[in-house]
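Q: There's a structure below that I have some questions on.
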Amino acid sequence: MRKDSADFLDIEPRLKKLVVANLDDVCGYVLSRYRVGLAEVVICVDKQNTARYLVLEPHVDDVCGKLYPLIMDSLYVSLLDVSSEETLENTVDTIASGLGFRDSFRQCRETLMYYVKRDSFGYGVLDVLFRDPGIEDIELCDWRKPVTVIHRDFLIFEALLTNIQFSSEEEARGYVERLALKGGKSISLAKPEIHTVLSEGHRLSVTLGNPVSRGPTFSIRKLPDTPIDIVTLINQKVVEPHLAALIWLVNDAKLFYGIIGGSGTGKTTILNAFLQLTDPNWKIIVVQDVMEIRMPTRSRFIQFFGESSEEILQRCFTALRYRPDILVVGEVRGREISALVRAV
1 MRKDSADFLD IEPRLKKLVV ANLDDVCGYV LSRYRVGLAE VVICVDKQNT
51 ARYLVLEPHV DDVCGKLYPL IMDSLYVSLL DVSSEETLEN TVDTIASGLG
101 FRDSFRQCRE TLMYYVKRDS FGYGVLDVLF RDPGIEDIEL CDWRKPVTVI
151 HRDFLIFEAL LTNIQFSSEE EARGYVERLA LKGGKSISLA KPEIHTVLSE
201 GHRLSVTLGN PVSRGPTFSI RKLPDTPIDI VTLINQKVVE PHLAALIWLV
251 NDAKLFYGII GGSGTGKTTI LNAFLQLTDP NWKIIVVQDV MEIRMPTRSR
301 FIQFFGESSE EILQRCFTAL RYRPDILVVG EVRGREISAL VRAV
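Numbering-wise, UniProt numbering puts 127 at position 127 of the sequence shown, and it's gapless, one number per residue.
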């Protein structure tokens, strides 16, 4: 059965290669170089003293370039099974044989599979950024400018300028619409702003354009594969041991406290770590607008969601009826603080 989902139907039917300049012409000096799957990432400082994050994807020769659109077009209209990456490979093999390109396909199968997976199950031209575990944030502020990223190993530079840039506003808008669909939402002129969570747990905020923003924009806050624990924060000297001990006592006494900080300062990371310093048998309820707190080892862990302040307030009242040992409100912006005070 053919997979009938938005993230497959919305694929770009033609290969979009990244435009990569000669590294010697771009980079003044290289800071790091590593692989993400078949792609290569080069982090450097260019000759204008700007930190760069360069994606080098597998080279596409003439044979691959001609086969790719034929295979993608056939996948688009095919009734064959493409429900997973494994079945996708078998389906692509079948299509290549059916088109009579078995020998040519065999010469560049690995490269073709990379791009087919990237543009069907992956995130297209940004797929490497999503797969790179070092990336914390992916941002598009203006479609006329390159996408920027924040790398946890190079925070001294604030943001790194990538070599990925959309060719038109229509292309950027199409990508924003695809991101929203991957988060289970639909963005349109009637609702030009979306805040949601992708299937991997990454937090997504997107705007489509007027009247919210000048053109399409997005901000993706990636979550680490596993939550950062309190021991890691202590070892990294983010949290002092005596503060961790104090929070442990405060949690045991079920006292009220708040975590305050600017955007991107690690409030959610700290909160997630502090919640690990609670009795494993306690019931913890988290109320927030998007899923950010993760406690996979806890059996008595509940999350409630609400998009507006009114919905958050109602979820807080609902949470109190569950008799939680710990009630967490992810972000307090209005009257929902009253429900938190009632819980205290």
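No residue lacks a Cβ here, since even glycine has one placed at the ideal position from N, Cα and C.
Check whether the Cβ atoms of ASP127 and ARG118 lie closer than 9 Å to each other.
A: It is a contact, given that the beta carbons lie within the stated cut-off.
Q: Just to confirm the assignment, what range does the beta strand (DSSP E) spanning GLY28 have?
A: Residues 27-36.
Q: Looking at C-alpha atoms only, which residue of PHE218, GLU158 and ARG173 is the closest neighbour of VAL147?
A: Considering only alpha carbons, the answer is PHE218.
Q: Please name the residue in ILE71, LEU271 and ARG33 whose C-alpha comes closest to that of GLY134.
A: Considering only alpha carbons, the answer is ARG33.
Q: Whose C-beta lies closer than 6 Å to the C-beta of ASN90 among residues of the same chain, with five residues either side of it excluded?
A: So the list is empty, once near-sequence residues are dropped.
Q: What's the call for ILE156, buried or exposed, on a 16-neighbour Cβ count within 10 Å?
A: The residue is exposed, with fewer than 16 neighbouring Cβ atoms inside 10 Å.
Q: Is it true that the stretch 314-330 meets the stretch 284-300, where meeting means three or more beta-carbon pairs spaced less than 8 Å apart?
A: These segments touch.
Q: When the Cα atoms are used, what is the spatial distance from VAL176 to PRO224?
A: Whole-angstrom Cα-Cα distance: 23 Å.
Q: Please report the distance separating the alpha-carbon of GLU331 from that of THR162.
A: Cα to Cα, the separation comes out at about 31 Å.
Q: Using only the alpha-carbon positions, how far apart do GLY261 and LYS267 sit?
A: Cα to Cα, GLY261 sits roughly 6 Å from LYS267.
Q: State the beta-bridge partners of ARG203 as determined by DSSP.
A: According to DSSP, which records beta bridges pairwise, ARG203 is partnered with VAL197 and ARG221.
Q: From GLY201, TYR115 and GLY215, pick the residue whose C-alpha is nearest to that of LYS145; which is it?
A: LYS145 has its Cα closest to that of GLY215, out of GLY201, TYR115 and GLY215.
Q: Might you give, ordered along the chain, the residues of its own chain that have their beta carbon closer than 8 Å to the beta carbon of ARG298, omitting 5 neighbours on each side?
A: Hits under 8 Å: PRO280 and ILE284.
Q: Is the separation between the beta-carbon of HIS242 and that of ARG221 shorter than 9 Å?
A: Result no, Cβ atoms of HIS242 and ARG221 do not sit closer than 9 Å.
Q: Nearest-angstrom Cα distance between LYS182 and LEU198?
A: Cα to Cα, the separation comes out at about 6 Å.
Q: Would VAL206 count as contacting chain B if we go by Cβ distances under 9 Å?
A: The chain labelled as chain B is not found in the depicted structure, where only one protein chain is given.
Q: Whole angstroms are fine: how far does the CA of ALA180 sit from the CA of GLU139?
A: GLU139 and ALA180: Cα-Cα distance of roughly 15 Å.
Q: If you follow the alpha helix (DSSP H) that VAL77 is part of, which residue opens it and which one closes it?
A: VAL77 -> alpha helix (DSSP H) spans 62-77.
Q: By alpha-carbon positions, which one of THR94, LEU208, SER120 and ALA96 ends up nearest to CYS141?
A: The residue with the shortest Cα to Cα distance from CYS141 is LEU208.
Q: For LEU18, collect the residues of the same chain with a Cβ closer than 7 Å to its Cβ; drop the 5 residues on either side in sequence, then sort them by chain order.
A: Summary for LEU18: the model assigns pLDDT 49, below 50, so the residue's position carries little reliability; its value from the coordinates is reported in the next sentence. The answer, listed in chain order, is VAL55, GLU57, VAL125, ASN163 and ILE164.
Q: Leaving out five residues before and five after PHE166 in sequence, what residues of the same chain have Cβ atoms less than 6 Å from its Cβ?
A: Closer than 6 Å at the Cβ level, and outside the excluded window around PHE166, lie TRP143 and ALA172.
Q: Do you know whose CA, among ASN272, GLU158, HIS195 and GLU311, lies nearest PHE301's CA?
A: The shortest C-alpha separation from PHE301 is found at ASN272.
Q: Restricting to runs no shorter than 4 residues, where is the alpha helix (DSSP H) found entirely within the stretch 88-143?
A: 102-107, 109-120 and 127-131, all fully within the stretch 88-143.
Q: Tell me which same chain residues have a C-beta within less than 6 Å of the C-beta of VAL26, skipping the five on either side of it?
A: These residues qualify, in order along the chain: ASP46.
Q: Whose C-beta lies closer than 6 Å to the C-beta of SER213 among residues of the same chain, with five residues either side of it excluded?
A: Taken in chain order, the residues that qualify are THR207.
Q: Is VAL42 buried or exposed, if buried means 16 or more other CB atoms sit within 10 Å of its CB?
A: VAL42 should be labelled buried.
Q: Just checking my contact of CYS64 with LEU99 at CB under 8 Å: how many whole Å lie between their CB atoms?
A: The pair is not a contact, with the Cβ atoms about 14 Å apart (cut-off 8 Å).
Q: Going by DSSP in three states, GLU57 sits in which element: helix, strand or coil?
A: Residue state, collapsed to three classes: coil.
Q: Give the secondary structure of ALA51 by DSSP, where H, G and I count as helix, E and B as strand, and everything else as coil.
A: DSSP places ALA51 in strand when its eight states are reduced to three.
Q: Have a look at GLU158, ALA96, LEU38 and ALA190 and flag the residue whose alpha-carbon is nearest the alpha-carbon of GLY264.
A: Answer by Cα proximity: GLU158.
Q: I need the DSSP call for LEU271, collapsed to helix, strand or coil.
A: Note: LEU271 maps to helix in three-state DSSP.
Q: Can you tell me whether DSSP reads ASP229 as helix, strand or coil?
A: Here ASP229 sits in coil by DSSP.
Q: Could you check where the alpha helix (DSSP H) with LEU243 kicks off and where it finishes?
A: Where LEU243 is concerned, the enclosing alpha helix (DSSP H) stretches over 241-252.
Q: Can you tell me where the beta strand (DSSP E) holding GLN236 begins and where it ends?
A: It is not in any beta strand (DSSP E) - GLN236 carries neither H nor E in the DSSP assignment.
Q: What is the residue span of the beta strand (DSSP E) that THR148 lies within?
A: Unbroken beta strand (DSSP E) run through THR148: 148-151.
Q: Starting from VAL212, trace the alpha helix (DSSP H) both ways and give me its first and last residue.
A: Unbroken run through VAL212: none, as it is neither H nor E.
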